[in-house]
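Q: Numbers in this note's numbering are just positions in the sequence shown, counted from 1, shifted up by 114. All residues carry an ideal CB built from backbone N, CA and C; glycine is no exception.
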Amino acid sequence: MPLDADTWNDRYLRRDMGWDKGRCAPPIARLLAEGLLPASAHVAIVGAGRGFEAIEASRFFQHVTAIDFAPEAVKAMHEAKTATGLAFTPLLADVLTLHQTHPGAFDAIVEHTCYCAIDPSQRDAYVTAVSGALKPGGLLLGLFYNHGRRGGPPFDTTEADVRSRFVDFTFERFVKARDSFPGRVGEEWEFVLRRKG
Ligand SMILES: C[S@@+](CC[C@H](N)C(=O)[O-])C[C@H]1O[C@@H](n2cnc3c(N)ncnc32)[C@H](O)[C@@H]1O
Numbered sequence: 115m116p117l118d119a120d121t122w123n124d125r126y127l128r129r130d131m132g133w134d135k136g137r138c139a140p141p142i143a144r145l146l147a148e149g150l151l152p153a154s155a156h157v158a159i160v161g162a163g164r165g166f167e168a169i170e171a172s173r174f175f176q177h178v179t180a181i182d183f184a185p186e187a188v189k190a191m192h193e194a195k196t197a198t199g200l201a202f203t204p205l206l207a208d209v210l211t212l213h214q215t216h217p218g219a220f221d222a223i224v225e226h227t228c229y230c231a232i233d234p235s236q237r238d239a240y241v242t243a244v245s246g247a248l249k250p251g252g253l254l255l256g257l258f259y260n261h262g263r264r265g266g267p268p269f270d271t272t273e274a275d276v277r278s279r280f281v282d283f284t285f286e287r288f289v290k291a292r293d294s295f296p297g298r299v300g301e302e303w304e305f306v307l308r309r310k311g
């Protein structure tokens, strides 16, 4: 099964969305509330889905861009934006081209179940894209899914995998999250990585 925009869009159309908990993951909400960034920061959410992380980020930051390549997800984000009255920007785009479309644009990128959603053969392209879309010194923060099972999506993400690929980042935090959703407890790396340079 190709993990392209059509495949993901079809999952939204069929409501085959087991990942979708209907609210922002608690560790992401906590990270956003920590004061790691000023309110003026430009924050991107990658693989934003129906926009729960974007809604949460909009409570703290003035400029939030929520990126997904599935039109149904972006449509749902526009609806959520209208319903909440919060100011964020839903964007239909491929995360893997962010370094070309948004070079050095973001102070921070929030990752939650995007890295585990792409094919592992695309992981180096993901690192290039997010690294190139961050300002020097910008933050990549969020959760990597370390469930230890074969296959996917979601594909497993080990500490060794992350440390071998994100070599242009300083690891400021890399710990197991303590407040994951039930069913994911002990299976999520909570991280704050700072782009070098
Ligand atoms: C597992 S869902 C997670 C959605 C959301 N973060 C959540 O937890 O509810 C993965 C999302 O990433 C999106 N996605 C996967 N690959 C992508 C890519 N290359 N560019 C943009 N979005 C992508 C899918 O369309 C899907 O909405």
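1) At what residue ranges does the stretch 213-267 contain a whole run of the beta strand (DSSP E), taking only runs of 3 or more?
2) By the three-class DSSP mapping on this structure, what secondary structure does THR121 have?
3) Indicate, with yes or no, if ligand 1 has a heavy atom lying under 7 Å from the CB of HIS226.
4) What's the call for VAL281, buried or exposed, on a 16-neighbour Cβ count within 10 Å?
5) Can you tell me whether PHE285 is buried or exposed? The criterion is at least 16 other CB atoms within 10 Å of its CB, across all chains shown.
6) Which residues in the same chain have their Cβ closer than 7 Å to the Cβ of ASP293, if we skip the five residues on either side of it in sequence?
7) Bridge partners of PRO204, per DSSP?
8) Of all the options GLY199, ASP124, PHE220 and THR203, which has the alpha carbon lying nearest to the alpha carbon of ALA162?
A: Judging by the given coordinates:
1) Runs found: 220-226 and 248-259.
2) In the structure shown, THR121 sits in a helix (DSSP, three-state: H, G or I).
3) The answer is yes for HIS226.
4) Label assigned to VAL281: exposed.
5) Exposed, because fewer than 16 other Cβ atoms sit within 10 Å of the Cβ of PHE285.
6) Take ASP293, set aside five residues on each side of it, and the residues of its chain with a beta-carbon closer than 7 Å to its own are PRO140, PRO141 and ARG144, in chain order.
7) According to DSSP, which records beta bridges pairwise, PRO204 is partnered with ALA180.
8) Per the Cα distances, THR203.
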